[in-house]
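Just below is one structure, and these are the notes that go with it.
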Amino acid sequence: MDGPRFRFGFRPSAFGRTVGTTGNDYGYFANDMVRSQTTGDRRQTWSLDGAGRLGGWD
């Protein structure tokens, strides 16, 4: 595939989510909210509250 998102380092999934950028990887919950971001050996993980909103992070 070609296009601006690949030239600038964005990697989309089959669902249109950004699963990676140059040096970063992303994970998602089933409701399309971001679950995690990994950069090198560092990882940020989020949780959802009872209403399905981002509720906290580790």
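Residues 1 to 58, numbered by the UniProt record's numbering, are exactly what the sequence shown covers, in order.
Note that beta-carbon positions come from the ideal geometry of N, C-alpha and C, so glycine has one too.
Inter-residue spacing [alpha-carbon to alpha-carbon] between residue i and residue j
i: residue 19; j: residue 27; result: 7 Å
i: residue 40; j: residue 9; result: 15 Å
Residue interval of the beta strand (DSSP E) (run including residue i)
i: residue 21; result: 18–21
i: residue 25; result: 24–28
Residue i, buried or exposed, once every other Cβ within 10 Å from all chains shown has been counted against 16
i: residue 54; result: exposed
field: Runs of beta strand (DSSP E) lying entirely within the UniProt region "Disordered" (39–58), each at least 3 residues, in chain order
entry: 42–48 and 54–57
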